[in-house]
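Sequence lines, in order, name chains A and B.
For reference, each letter of the first sequence is one residue, going 3 to 200 in our numbering.
For reference, each letter of the second sequence is one residue, going 3 to 200 in our numbering.
Protein chains: 2
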Amino acid sequence: MLQNYVSEAFLERIPLYLNELEKYKNDYISSTTLANILNLGEVLVRKDLAKISQGGKPKIGYHVMDLMNDIKDYMGYNNKSKAIIVGMGRLGNALYHYSGFNKYNIHILEAFDILDDYKNINEIKDFCSEQDIDVGIITVPKDQAQNVCNLLLSQGIKAIWNFAPIRLNVPEDVIVQNENLADSLSILIKHKNDVVRK
Amino acid sequence: MLQNYVSEAFLERIPLYLNELEKYKNDYISSTTLANILNLGEVLVRKDLAKISQGGKPKIGYHVMDLMNDIKDYMGYNNKSKAIIVGMGRLGNALYHYSGFNKYNIHILEAFDILDDYKNINEIKDFCSEQDIDVGIITVPKDQAQNVCNLLLSQGIKAIWNFAPIRLNVPEDVIVQNENLADSLSILIKHKNDVVRK
DNA sequence: TATATATCGATATAGTTATACCGATATCAA
DNA sequence: TTGATATCGGTATAACTATATCGATATATA
């Protein structure tokens with residue numbers, strides 16, 4: 003277990019806070035208010051903020067600008083992150099052109115595929131030797147995903163965002179985040195069916 | 003709280019089991035074996051399976067075909083689910099053409115947009131009156147997401163899969179699953195940076 | 001300046017989720 | 001047929017996460 007271990011749920015809440023705070027720049031906000039907006043417990047929010055912020059003032063709350071900066075520092079949004087993406091099908095294309103990553107200073111530097119329209123996959127090696135890549139995004143068909151993954155690992159990439167519906171085999175020090183769209187949607191439908199049946 | 007409440011984490015494991023079991027059809031498998039393959043605790047897997055299966059045999063484990071059927075029954079994969087998607091940008095397109103939903107008997111029946119290439123958004127009303135739609139998928143820009151959401155809700159849709167980076171305002175009986183790609187990637191990078199720093 | 005109060009932040013409690021343990025049982029091997 | 005054993009499934013325990021409680025404090029108000 004890591005020293006500064008925080009739970010996944012905690013990490014998922016932080017961007018929510020940041021997005022909401024955007025609306026209250028040049029102002030103060032209390033943990034109670036923020037909690038009510040996001041439908042979270044006030045103590046939960048206060049404890050989350052205590053972990054990453056300089057602290058708030060009694061009766062007033064947190065200085066929003068300062069808090070946003072603390073969040074950005076904590077999450078690393080003030081530092082540029084570099085990604086490459088492999089597999090330029092429809093999904094790869096969508097991600098490659100998605101503008102939402104800019105907000106977090108994440109940049110997809112290059113797109114690879116076997117098609118001529120993109121940098122060829124066998125150029126990954128050269129490209130990675132000149133750049134320090136933080137994340138490899140895998141959007142190839144599932145039968146090629148492990149090969150692509152191995153290629154990325156051989157270039158020293160330690161984090162994989164995997165959209166192929168298979169579990170990748172990686173060493174212990176590599177982090178894989180699987181984004182299985184079909185699984186996610188099916189779980190949503192399961193929830194919905196359970197609620198309807200009460 | 004619902005009667006048959008199960009945790010989100012539990013629901014996320016079920017498709018993993020199903021995908022893995024695919025490889026062991028016409029065979030038996032023990033919870034221990036399955037757990038080791040997926041890097042989960044054996045007791046956890048056994049308890050999960052106990053919730054949804056007819057049961058396994060001591061010394062042998064579970065009949066894979068039967069177990070798969072139990073999982074499909076439980077998750078509703080044996081019943082057809084219907085979805086529509088609104089917003090035919092790159093991401094909408096990718097989802098609309100994604101073949102992975104078939105495995106779970108989920109069908110995206112129609113795609114809407116303001117562009118002429120697709121059914122116009124103002125036809126959603128007519129379309130929904132003739133079909134019982136389980137899920138609405140929102141892939142429009144964030145400034146239009148709430149409007150589209152309201153439109154879907156007015157047609158009786160009770161589950162929303164939202165890719166727009168905002169929190170939608172919905173009544174209590176509607177389930178929203180947010181799929182914020184930028185947030186997800188930023189969290190992956192945070193994890194990676196924490197690990198590297200040890 | 002003195003008092004009331006909203007909020008913070010720390011500690012204690014509750015609730016939820018995962019793990020450990022153990023008797024029962026069906027199968028395999030002798 | 002008999003004994004050894006792997007696995008199941010239930011109960012007990014531990015770990016983790018969220019909530020409740022409360023004294024301290026900075027601000028606003030009188």
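C-beta: ideal position from N, C-alpha, C; glycine also.
No experiment lies behind these values; they were computed from the predicted model shown.
Inset, instruction - Please state if the CB of residue 13(B) and the CB of residue 70(B) are separated by a distance shorter than 8 Å. - result: The answer is no: Cβ separation not under 8 Å.
Legend entry - Separation of residue 65(B) from residue 58(B), as counted between CA atoms: So the alpha carbons of these two residues sit roughly 7 Å apart.
Inset, instruction - Determine the chain B residues that contact residue 99(A) at a beta-carbon separation under 7 Å, and present them in chain order. - result: Those within 7 Å of residue 99(A) in chain B are 92.
Legend entry - Beta-ladder partner(s) of residue 114(B), from DSSP: According to DSSP, residue 114(B) shares a beta bridge with 88(B) and 121(B).
Legend entry - Rounded straight-line distance, which links the Cα of residue 125(B) to that of residue 179(A): Cα-Cα distance, rounded: 38 Å.
Inset, instruction - Residues of the region 54–83 of chain B with a CB closer than 9 Å to any CB of chain A: list them in chain order, please. - result: For the region 54–83 of chain B, which is checked against every Cβ of chain A, the residues closer than 9 Å are 76, 77, 78, 79, 81 and 83.
Legend entry - Own chain partners of residue 2(B) with C-beta closer than 7 Å, once the 5 adjacent residues on each side are dropped: Coverage of chain B is limited to positions 3 through 200, which leaves residue 2(B) absent and any answer about it impossible.
Legend entry - Cα-Cα separation between residue 29(B) and residue 62(B), rounded to whole angstroms: Answer to the nearest angstrom: the Cα atoms are 10 Å apart.
Legend entry - Continuous beta strand (DSSP E) stretch holding residue 137(A): start and end: Looking at the DSSP string, the run of the beta strand (DSSP E) that includes residue 137(A) is 137–140.
Inset, instruction - Give me the Cα-Cα distance between residue 15(B) and residue 32(A), rounded to the nearest whole angstrom. - result: Straight-line Cα distance between these residues: approximately 37 Å.
Legend entry - chain A contacts from the region 36–53 of chain B (Cβ-Cβ distance under 8 Å): Correct list: 40.
Legend entry - Whether residue 91(B) touches residue 113(B) by CB criterion (8 Å): No, the Cβ-Cβ distance between residue 91(B) and residue 113(B) is not below 8 Å.
Legend entry - 8 Å Cβ cut-off: residues of chain B touching residue 190(A): By Cβ distance, chain B contributes 137, 161, 163, 177 and 179.
Legend entry - C-alpha distance - residue 144(A) paired with residue 155(A), whole-angstrom precision: Using only the alpha carbons, I get a separation of about 17 Å.
Legend entry - Cβ shell of residue 141(A) (< 8 Å), same chain only, five flanking positions each side left out: Closer than 8 Å at Cβ, skipping near neighbours: 87, 88, 89, 90, 91, 93, 94, 97, 165 and 166.
Legend entry - According to DSSP, residues forming a beta bridge with residue 133(A): Looking at the DSSP assignment, residue 133(A) forms no beta bridge with any residue, so it has no partner.
Legend entry - Proximal residues of chain A, C-beta to C-beta of residue 108(B) below 9 Å: At a beta-carbon threshold of 9 Å, the residues of chain A lying near residue 108(B) are 184, 187, 188 and 191, ordered along the chain.
Inset, instruction - Report yes if the C-beta distance between residue 186(A) and residue 181(B) is below 8 Å; otherwise report no. - result: Going by C-beta atoms, residue 186(A) is nearer than 8 Å to residue 181(B).
Legend entry - Chain-ordered chain B contacts of residue 103(A) [CB-CB under 7 Å]: Chain B residues near residue 103(A): 184 and 187.
Legend entry - Distance between residue 150(B) and residue 115(B) (C-alpha atoms, nearest Å): Answer to the nearest angstrom: the Cα atoms are 10 Å apart.
Legend entry - Cβ of residue 154(B) within 8 Å of any chain A Cβ: The beta carbon of residue 154(B) sits no closer than 8 Å to any beta carbon of chain A.
Inset, instruction - Could you pull out every residue in the same chain whose Cβ sits closer than 6 Å to the Cβ of residue 176(A), ignoring the five residues on either side in sequence? - result: These residues qualify, in order along the chain: 160.
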